[in-house]
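Asker:
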Amino acid sequence: MPRFYLSQPLAVGQLVSLPEAVAHHILVLRLAQGALITLFNGEGGEFSATLCDIGKRSVTAEVKAHNPRDVELPYAITLAQCLPEASKLDWIIEKAVELGVGGIVPLAAQRCVVRLSAERAEKKRSHWQGIIESAAEQSGRNRLPQLAGVQDYQQWIAQQDMHKRIILTPRADQSLAQWARHQAPQPVTLVVGPEGGLSEAEEKLAIARGALPLAMGPRILRTETAGLAAIAALNASWGGMD
38 MPRFYLSQPL
48 AVGQLVSLPE
58 AVAHHILVLR
68 LAQGALITLF
78 NGEGGEFSAT
88 LCDIGKRSVT
98 AEVKAHNPRD
108 VELPYAITLA
118 QCLPEASKLD
128 WIIEKAVELG
138 VGGIVPLAAQ
148 RCVVRLSAER
158 AEKKRSHWQG
168 IIESAAEQSG
178 RNRLPQLAGV
188 QDYQQWIAQQ
198 DMHKRIILTP
208 RADQSLAQWA
218 RHQAPQPVTL
228 VVGPEGGLSE
238 AEEKLAIARG
248 ALPLAMGPRI
258 LRTETAGLAA
268 IAALNASWGG
278 MD
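Residues in the sequence shown are numbered consecutively from 38, following the working numbering.
As structure tokens, then:
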């Protein structure tokens, strides 16, 4: 059944005028009047709905029933990803949503090649939010991960965080997999450097602020691989893939 995200309150019995982008998708799929679709608004659970009226540019649906279905991880993972080159972050965000992250924080670090003005950063944030919504539709998630604005690495790492911060670095003496095997599932924030990695000073600053340095095994992973591999490793150890 096709799934669509709507950023509005939903209730059983409600007649909903679907957004233009969703209506266009329905027309492309050639769905007919009476067809069943699934709607969700990111606040938990999902709604089955029936298409009532299909026009050339507008579609109306009636909300029929609510299903409290939830596929979220039983522990919170936040991905703090330093800005990579080109459109790599689009792909990272999409796959991180599929793997179940609860939050994404883009970071501007010393070795980041990409530098965003305030205006460009806001446009990027809107673009990334769209990727999160599409990935949630595709992966069956009914809650949307929280997306932060682009943060300066040093300012962000200096803030207090209730979650344990894990900085992924090949210089660590212990691997993430080794650490996770001896830990109970818990909220964590994974910090991933850019293509050139975090500088030694940035790593030291993170550790001084309480971050735990952990490695991803004996091989050096690319920035677009490291965070996703770490999320999958935690899910495998803590039951997020059962």
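Here a beta-carbon is modelled for each residue, glycine too, at the ideal position from N, C-alpha and C. Predicted model only: the values in this text are computed from it and were never measured.
Where does H103 sit, in a helix, a strand or coil, going by DSSP?
Answerer: Within the sequence shown, the letter at position 66 stands for residue 103. In this structure, H103 counts as strand in the three-state DSSP scheme.
Asker: Under the rule that 16 or more other beta-carbon atoms within 10 Å means buried, what is V59, buried or exposed?
Answerer: By 1-based counting over the sequence shown, the position of residue 59 is 22. Answer is buried; the Cβ neighbour count reaches 16.
Asker: From H61 to C119, what does the alpha carbon distance come to, in whole angstroms?
Answerer: Here residue 61 refers to the residue found at position 24 when the sequence shown is read from its first residue. Here residue 119 refers to the residue found at position 82 when the sequence shown is read from its first residue. Approximately 35 Å between the Cα atoms of the pair.
Asker: Compute the Euclidean distance between the alpha carbons of P207 and A243, then round it to the nearest angstrom.
Answerer: Start at 1 with the first residue of the sequence shown, and residue 207 comes out as number 170. Start at 1 with the first residue of the sequence shown, and residue 243 comes out as number 206. Cα-Cα distance, rounded: 15 Å.
Asker: Do L184 and I129 have their C-beta atoms closer together than 8 Å?
Answerer: Locating residue 184 in the sequence shown gives position 147, where the first residue counts as 1. Locating residue 129 in the sequence shown gives position 92, where the first residue counts as 1. Judged by their CB atoms, L184 and I129 are not nearer to each other than the 8 Å cut-off.
Asker: Where do the ends of the alpha helix (DSSP H) carrying K241 lie?
Answerer: One-based indexing of the sequence shown puts residue 241 at position 204. Segment E237 to A245, the alpha helix (DSSP H) holding K241.
Asker: Could you tell me which of A245, Q51 and T260 sits nearest to L235, measuring between CA atoms?
Answerer: Taking the sequence shown and counting its residues from 1, the one referred to as residue 235 is at position 198. The option with the nearest alpha carbon to L235 is T260.
Asker: Distance check for V108 and V151, CA to CA, integer angstroms please.
Answerer: The sequence position of residue 151 within the sequence shown is 114, counting from 1. The sequence position of residue 108 within the sequence shown is 71, counting from 1. The straight-line gap separating the alpha-carbon atoms of V151 and V108 is approximately 34 Å.
Asker: Rounded to a whole number of angstroms, what is the C-alpha to C-alpha distance between Y112 and E80?
Answerer: The residue labelled residue 112 in the question sits at position 75 within the sequence shown. The residue labelled residue 80 in the question sits at position 43 within the sequence shown. The straight-line gap from Cα to Cα measures roughly 17 Å.
Asker: Put T262 into one of helix, strand or coil per three-state DSSP.
Answerer: Residue 262 sits at position 225 when you count from the first residue of the sequence shown. In the structure shown, T262 sits in a helix (DSSP, three-state: H, G or I).
Asker: Whose CA, out of L249, I203, I63 and A269, lies closest to the CA of V134?
Answerer: Residue numbering aside, residue 134 sits at position 97 when the sequence shown is read from its first letter. Checking every option, the nearest Cα to that of V134 belongs to A269.
Asker: Work out the CA separation of Q51 and A123 for me, nearest whole Å.
Answerer: The count along the sequence shown starts at 1 and reaches residue 123 at position 86. The count along the sequence shown starts at 1 and reaches residue 51 at position 14. Computed Cα separation, rounded: 42 Å.
Asker: What number of angstroms, rounded off, separates the C-alpha of D279 from the C-alpha of N272?
Answerer: On the sequence shown, position 242 is the one that residue 279 refers to. On the sequence shown, position 235 is the one that residue 272 refers to. Rounded to whole angstroms, D279 to N272 spans 9 Å at the Cα level.
Asker: Round the Cβ separation of P39 and L66 to the nearest angstrom and send it over; I've been treating them as touching at under 8 Å.
Answerer: Here residue 39 corresponds to residue number 2 of the sequence shown, with the count starting at 1. Here residue 66 corresponds to residue number 29 of the sequence shown, with the count starting at 1. That pair is a contact at about 6 Å.
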